[in-house]
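First comes the structure, then the notes that go with it.
4 protein chains.
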Amino acid sequence: MLLRQIFDPRLAQYAYLIGCPATGEAVVIDPERDVDRYIEAAEAEGLTLTAVAETHIHADFLSGARELSERLNVRVYVSAEGGHDWQVEWATDHPKATLLRHGDTFRVGNIELKAVHTPGHTPEHISYLVTDRGGGADDPMGLLTGDFVFVGDVGRPDLLEQAAGIEGVQEESARALYASLPAFLGLEDHLQVWPGHGAGSACGKALGAVPTTTVGYERRHNAALDFARAGEEAFVDAILADQPEPPLYFARMKELNRAGPALLGDIPRPHRVALQELAALTKDPNIVIVDTRTPRSAYMARHLPGALHAPLDRTFSTVVGSLVEDETRPILLVIDGDRVEEAVRELVRIGFDTIEGFVDEAQLEEWFAGGGAGATISEIDTARMAELWDDPRYRVVDVRSGAEYRAGHVPGATHVPHTRLPRLEDRLPRGQTLLVHCGTGKRSAVASAYLAARGHDVVFVDDDWSGWAASGKPVEQGQPGETSVAATPF
Amino acid sequence: MLLRQIFDPRLAQYAYLIGCPATGEAVVIDPERDVDRYIEAAEAEGLTLTAVAETHIHADFLSGARELSERLNVRVYVSAEGGHDWQVEWATDHPKATLLRHGDTFRVGNIELKAVHTPGHTPEHISYLVTDRGGGADDPMGLLTGDFVFVGDVGRPDLLEQAAGIEGVQEESARALYASLPAFLGLEDHLQVWPGHGAGSACGKALGAVPTTTVGYERRHNAALDFARAGEEAFVDAILADQPEPPLYFARMKELNRAGPALLGDIPRPHRVALQELAALTKDPNIVIVDTRTPRSAYMARHLPGALHAPLDRTFSTVVGSLVEDETRPILLVIDGDRVEEAVRELVRIGFDTIEGFVDEAQLEEWFAGGGAGATISEIDTARMAELWDDPRYRVVDVRSGAEYRAGHVPGATHVPHTRLPRLEDRLPRGQTLLVHCGTGKRSAVASAYLAARGHDVVFVDDDWSGWAASGKPVEQGQPGETSVAATPF
Amino acid sequence: MLLRQIFDPRLAQYAYLIGCPATGEAVVIDPERDVDRYIEAAEAEGLTLTAVAETHIHADFLSGARELSERLNVRVYVSAEGGHDWQVEWATDHPKATLLRHGDTFRVGNIELKAVHTPGHTPEHISYLVTDRGGGADDPMGLLTGDFVFVGDVGRPDLLEQAAGIEGVQEESARALYASLPAFLGLEDHLQVWPGHGAGSACGKALGAVPTTTVGYERRHNAALDFARAGEEAFVDAILADQPEPPLYFARMKELNRAGPALLGDIPRPHRVALQELAALTKDPNIVIVDTRTPRSAYMARHLPGALHAPLDRTFSTVVGSLVEDETRPILLVIDGDRVEEAVRELVRIGFDTIEGFVDEAQLEEWFAGGGAGATISEIDTARMAELWDDPRYRVVDVRSGAEYRAGHVPGATHVPHTRLPRLEDRLPRGQTLLVHCGTGKRSAVASAYLAARGHDVVFVDDDWSGWAASGKPVEQGQPGETSVAATPF
Amino acid sequence: MLLRQIFDPRLAQYAYLIGCPATGEAVVIDPERDVDRYIEAAEAEGLTLTAVAETHIHADFLSGARELSERLNVRVYVSAEGGHDWQVEWATDHPKATLLRHGDTFRVGNIELKAVHTPGHTPEHISYLVTDRGGGADDPMGLLTGDFVFVGDVGRPDLLEQAAGIEGVQEESARALYASLPAFLGLEDHLQVWPGHGAGSACGKALGAVPTTTVGYERRHNAALDFARAGEEAFVDAILADQPEPPLYFARMKELNRAGPALLGDIPRPHRVALQELAALTKDPNIVIVDTRTPRSAYMARHLPGALHAPLDRTFSTVVGSLVEDETRPILLVIDGDRVEEAVRELVRIGFDTIEGFVDEAQLEEWFAGGGAGATISEIDTARMAELWDDPRYRVVDVRSGAEYRAGHVPGATHVPHTRLPRLEDRLPRGQTLLVHCGTGKRSAVASAYLAARGHDVVFVDDDWSGWAASGKPVEQGQPGETSVAATPF
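Residue numbers (my numbering), protein chains in the order written: chain P, 185 to 674; chain G, 185 to 674; chain D, 185 to 674; chain S, 185 to 674.
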């Protein structure tokens, strides 16, 4: 048996290529939408992709299963569990698709994959028990756990309610997750665990940075499973506590993955936009300008009016996905020309297929030098914020997570997690200057850019929050009333 | 660490003596009521009992915990879990008692016992994780599982409803049991499992005849845990299917164990009854005559009028406990003089403390030879039953379990499990001759004796049921309507 | 599958009854010579013995395998491994015997036993992997380890050299034992380990008092296996260090077990000796008088001349086996009449079949009262020994183990482990009074009696050794020269 | 804890980056010589390399430990075990080096690595037990096994004798490997196994294509460990059977790694050689021309005189390392310009640092078109070989492995594994035309090129060997006498 873990560091996502060297066949599990990578990985190992399988309907990216299925004519395996609302619509009645129920198996050469229904993260979620029958074994080597069990954590059962906007189900999901634990804990210690996400994913809260683990190590050390020893109530309480707010675009991903993502074909190759073309584009209100430049001070000093600030790092998908609610809007990138493909892959993975073009830094300088329109956001540090925070002309806007906010915030600060701005921005006051801060300046830079583009009067606080309390400034704890997103669900 | 499993083969019950050789202290877990055995076992190992612990409120025997506590002044550990209705009343506020919550630990010398709440069989059930800290280990050696997990099976979650008469809770209990599984499955493979019952107990349906097992072996081979892999619904369905009818006295044991069994002191030593005394006793309607003679043909040929037939084997407790509903009635034994203590221990374990005396076989022969009153029950085989079964003067009474009955029975036969006769006997017709059969003649002998004593006109079918169908006689399957206990709950 | 561990507390020996309830067949593993116990145990479970199996040629007791084979006509399984010198002679070419090689299997009903060659304790030693195929499993439930792995220890590889007098092999045996470890460590954690001895056996040095264990628990906590982690040399050094001197009779057991123990038939039932008969017996130099009375002060105060002191406790076999080198000599017991069978079983287990008769304590008093010959040994404590030890008229004789002796002893004391007296007694001085001490008075009582019977002038030191050094008396450490058994191997 | 497996697909070698996110420190284990890859990997994770550790003195590549140590001033950890001949000379007395003995530990942030001496593959070999103390665990997560245990196999104990030319040690090494097994088998099932090589390495014979495994899976399924169950002799026999002949350069790597590989600095960047320069180079007898072109027919049709044929695939290191015995000779590559860095990395990893330059295919065509010197080798298939093999003007030369040869070869064929040609080529006849074949044409192409360059009259057999016997042609089995390398060790 051959196994390759294929990592997308941006989403901390693991797809898997599993092949049978004896027959030359291979399956890819949980591919992202730009599937050329999986096809090339299989070819490099001398294998032919004959199947693609999904563990569940993903929320953080668009699945490449349909893309692979249509492009290569491979067999598709998705879950038939979870009830009517959780069926993959495009696969239902598809001639190449097999809908798997708990206990169903399929083979890729001599490798057997067996579906194990493990709801919780989502109702239809299945894991795959992998047995290398070609190697003479009739017992499994490991479990592809998808978003069920991670290294050190379990998949979030609150995403449906938090992100997908399906109200009142998070406790039910947590109980379903608890009821799935015997399916994991019933396995032998030595089985490998091949998870769907690694450290940094929004699908769990305490994921380890070791790529794989074992049933036995998780049985001993997984923090979430540890709560399960104290029974169902203790588990449910612990698992729902202090989960970070998921990005808003997760709900859209769910819908698209269920319905079937549009076929992508080749990766889009946007052209370099000439300056005269840029003049027209900056006037088109439908265009979304995504400025990826670093450091953030470059953006604050001067940027195209209305441009979002979205550095091309692990936060890129989250920022663009959360702040641009309509993925059909065309995108103009401000970007280093060598990194265009990287950005494009990120965008298509979350459904932004129309990339109108790009300009690079040198062009931008030329644009401004030639008198092109530019905008600026002013910056302060927390020492200055300390002088202004209770001045009625200003309003502190805290864009950190709910857990961070509750642990301590500027008294009277309005709380809006930066990934929730499009839904909550209209509650921010228009007559005051917004002092936008987070923990380090990273998230508040993104939020400042967004709010400025929406016409607010914004000052960007570029500083570490940790210094605030240390210097004896006032701190309030707990829920603040109507100003927090937690008090006013969207 | 020292561990001794102390077996009661009649109830297939295991108590445990666990001691610390370094300090000379020991604890006994789940003792039966005749506690001299545990005290002697500890002494033989050079240990002093300093504690007694219970896993749960037992249904199949009276606990010896109170007896030990009062007699030796040892500390008592019982569960504080399960809610108000499941508190051990006698131990509440008792100065020597500690009520344990999930996660609580206590020590006996260098041995640590940790309570793990594992409801299902009963709501307050706890298991004990045993760690030999004297041996330098800080990880446990095994789990005392009580009636939670057995060798090859799990404890019945239906007993409360079936035996204790608490209606409508068996599904809830089965779900609670499912939710307890992570507490077991979360343990490492190499831990020993020390169960509360072995093969033959009425507290489970498929117990193995190996005295102990391991977490890993059960993870792989326990039939009940195997259902859990398919999720909660599959588990609940499987676990409630085809459980044998528990003996009626279980409900009484629950009540007495909760309230606190009467203190016993020394084991009663009944005297040999003189024949003139026997004459008086046989006329006393309050006396219960329990005839233990084997083979059963001896009883059928001639017995004291009104005597029950209860052979002194593994079924003795079940028969006496089920057929005598008032444990304060005095008992007269017909028994081999060498086996009186054996029978007395059986009786006090289920609360029959008043043993009036005994007569042996030779005395009985003398009694009959001297013209003493005797009664007889006639016997037939299934060939003869085949000639009579549809004759309206006769009524076939099937005293097997519900599962056996449903799998195939004489058409029109009335079904009454032999352990339920006191509650259902008044539904049997008085005008017909009852042809009482079971699978082999063993249970129908007991039932025939009971019914004859209650004034029915009885014929005992002493034959194997398996021959009936094989010889082409009519067989009906499934529920038969109002004549079955299943259709008419008590 | 049914499994019963059958314990002999004197030798801390475990035999096993393993049966198949489906077919009614059973095998007994490593029976002692009084085999009625195994036959009865099988019958009590409704099983018929069809086979007997040995793990190795025992040194601490006579095997009952031949006895069972001849009496019940069952099949015999012994090891064919270990080379020519280690073949069970009586079984070679026996029509009912099967000689097993590594990997061979046999079945008892649906239970499979597979021989695993595990030399070290002895060269031919095999363990049995037990699989309950009747229960549907095709993987083993446990390993019958004989004297290979115990709870917390491994079997001694030095016995052959130390006890059986085969010089220069203990290191080779320790290396063979090391090379056997993969056969154990290669097993899965959850397998049960059913050892041949428990706490108190002379076949290992640190056996735990829990009757069974698991591969995983031993992998984690077995002290001997722990040394193996540091490699072969560390293991060999540790395993040979400080093993207690084995009893001398072990060499004889080996020989008899290899050749085939004499058939025993029914357990001997010695008669109560009349006093006139006693007069004759006490004059017969061939008779061995074994005085089992407790406390030891009774013996010291007055005993039959020449009588050995051998309390009927866990040391009985060791004392009689070590101090009486010719097992054909007839034995006269001084004993409580209720415990005769107990003593007789102990004796036949180590080959003493001729028990001439017994007298009880009351008879003995009558004997002495009637002027019968008696002898006395005087007692002192360590305070008195401190006054005498360097007086040239006295010689301190230390009968503790070599390890105890080396850790600290009376300067100039002669060292003879009490189990080695017959081989070394002639090196003790005849002109001095021997002050015989041990750690508590128990072993020195035995040794004093033996030495007095051999004509030495003996004073019995009945005190705890631990007080000696604490009170500031002189202590010497290490080897003392030619007077120690360690310096003068036999 | 962070762990990244860094794969070199050519040598199927795994280095490991292990870091502590809390402190930002990281260690690299078993780096190859072009260390920029590890430095970049650490940086990408936000970590600083503070240590480098080796499992053993490698034979298949030059270690990057010294390079990293000197370039980054990091701490170096190497084995102090294995005796005087197996000390890493450059590290002895080096101020930054720590020599580890069995049981020694070191830390990188909160990650602990513990040395476990596991000789067999080499005498000084250590494995590292990795514990993530930062994650709260005090038990290990896995074992870095180096060349001790692989996925499905163990490291070859015969390399020292076979490749390093240390005669008579392979059995001793196999026994040492057996004695190391408890160090592995003593670990718990759930530990991850992070091996030093994957499928395709010459350091083992049956490595699986899954990147990591677990102790428990190997305990159950590792073919080599399975032999260990049958004892030491069975293991030694099995482990030494049919190992492929290792490449000759392994001996050189051992020496260089022990002494300390020369510092490399930046990766060499060879220049494109102009045609006039090529004319001079082709006449320099010290220059080694390495022609990497595919398909092999291109080389056979026309190549620079004296050029080796070495396709740039997984065999490249083996071919160049084996056929060029002096790594100081300058190399001229015939290669695709885009793949120069790839080839250079391969070369420096095995010590070829002087890469004089390269020409590409287009230049070569131009060279030949311009009348530059070229050479040709004629090709035949096996059908034609069947007509010539017993013609005395020809000699069949079989360049397959010994195991393949012994399984069946052309009668009278001379056997020389292609990796042993420099040592054995002088035994080939000069007066005959050599018909050079292997199994598929791949190895015989390499050998034909080498032999032609050495002045032999060569015909390249480009065909599958499997067809020979199938078509009824004569086949001889077993050893052929003096013509085989197996009969004439080097």
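A virtual CB, placed ideally from N, CA and C, is assigned to each residue, including glycine. Keep in mind that this is a model prediction, so the values were computed, not measured.
Asked	Found
Option in Val335(S), Glu509(S), Leu186(S) and Gly287(S) with minimal Cα separation from Gly293(S)	Leu186(S)
Contact list for the segment 402 to 413 of chain G against chain D, Cβ threshold 8 Å	Arg403, Arg404 and His405
Spatial distance of Ser364(P) from Arg359(G) (CA atoms)	13 Å
Phe552(G) (DSSP reduced to helix, strand or coil)	helix
Listed by chain order, chain D residues near Asp497(G) by CB distance under 8 Å	Going along chain D, no residue has its Cβ under 8 Å from Asp497(G), so there is no contact; the nearest lies around 11 Å.
Neighbourhood of Thr617(D) by C-beta distance below 8 Å, restricted to the same chain and skipping five residues each side	Arg577, Tyr578, Arg579, Asp641, Val642 and Val643
Within chain S, partners of Ala422(D) - CB distance below 9 Å	The contacting residues do not exist; Ala422(D) stays about 13 Å from chain S at best.
Proximal chain P residues relative to Asp373(G), where beta-carbon distance stays under 9 Å	Glu372, Asp373 and Gly400
Rounded separation between Gly521(S) and Ser628(S) - CA only	26 Å
Sub-8 Å separation of His278(G) and Val260(G) beta-carbons	yes
One or two residues paired with Phe434(P) in a DSSP bridge	For Phe434(P), which the question treats as bridged, DSSP gives no partner whatsoever.
Ile223(S) to Arg188(S) span [Cα, whole Å]	12 Å
Inter-stretch contact (C-beta, 8 Å, three-pair minimum) for the segment 558 to 565 of chain G and the segment 530 to 537 of chain G	no
Cβ neighbour criterion (16 or more within 10 Å) applied to Gln427(P)	buried
C-alpha distance - Glu609(P) paired with Leu635(P), whole-angstrom precision	8 Å
Nearest residue (CA-CA) to Leu328(G), options His309(G), Leu432(G), Asp244(G) and Ala435(G)	His309(G)
Opening and closing residue of the alpha helix (DSSP H) in which Ile519(P) lies	Run containing Ile519(P): none; DSSP gives neither H nor E here.
Distance between Asp316(G) and Gly266(S) (C-alpha atoms, nearest Å)	38 Å
Proximity below 8 Å, CB of Gly304(S) to CB of Gly339(S)	yes
Distance between Gln346(S) and Thr667(S) (C-alpha atoms, nearest Å)	For Thr667(S), the pLDDT reaches just 47, beneath the cut-off of 50, and the residue's location in the model is therefore unreliable, although a value from the coordinates is still provided. The straight-line gap from Cα to Cα measures roughly 18 Å.
Candidates Pro595(S), Ile423(S), Ala243(S) and Asp544(S): closest to Met569(S) by CA position	Pro595(S)
Burial state of Pro673(P) (16 or more Cβ within 10 Å)	Legend: pLDDT at Pro673(P) = 36, less than 50; position of this residue unreliable, value from coordinates given subsequently. With fewer than 16 other Cβ atoms within 10 Å, it is exposed.
Ala237(G), DSSP secondary structure in three states	strand
Within-8 Å CB hit, Ala264(D) to chain S	no
Beta carbon proximity, Thr603(G) to chain D, threshold 8 Å	no
Val472(P) burial status per 10 Å Cβ neighbour count (16 or more: buried)	buried
Cβ shell of Pro341(S) (< 8 Å), same chain only, five flanking positions each side left out	Gly304, His305, Gln354, Ser357, Ala358, Ala360, Leu361, Ile423 and Leu424
Residue of Val377(D), Ala546(D) and Arg607(D) minimising C-alpha distance to Pro395(D)	Val377(D)
Proximal residues to Val669(G) (C-beta, below 8 Å), its chain only, five neighbours per side dropped	Legend: pLDDT at Val669(G) = 48, less than 50; position of this residue unreliable, value from coordinates given subsequently. These residues qualify, in order along the chain: Glu429, Gly586, His599, Val600, Pro601, Arg604 and Leu608.
Simplified DSSP state of Gly267(G), which is helix, strand or coil	coil
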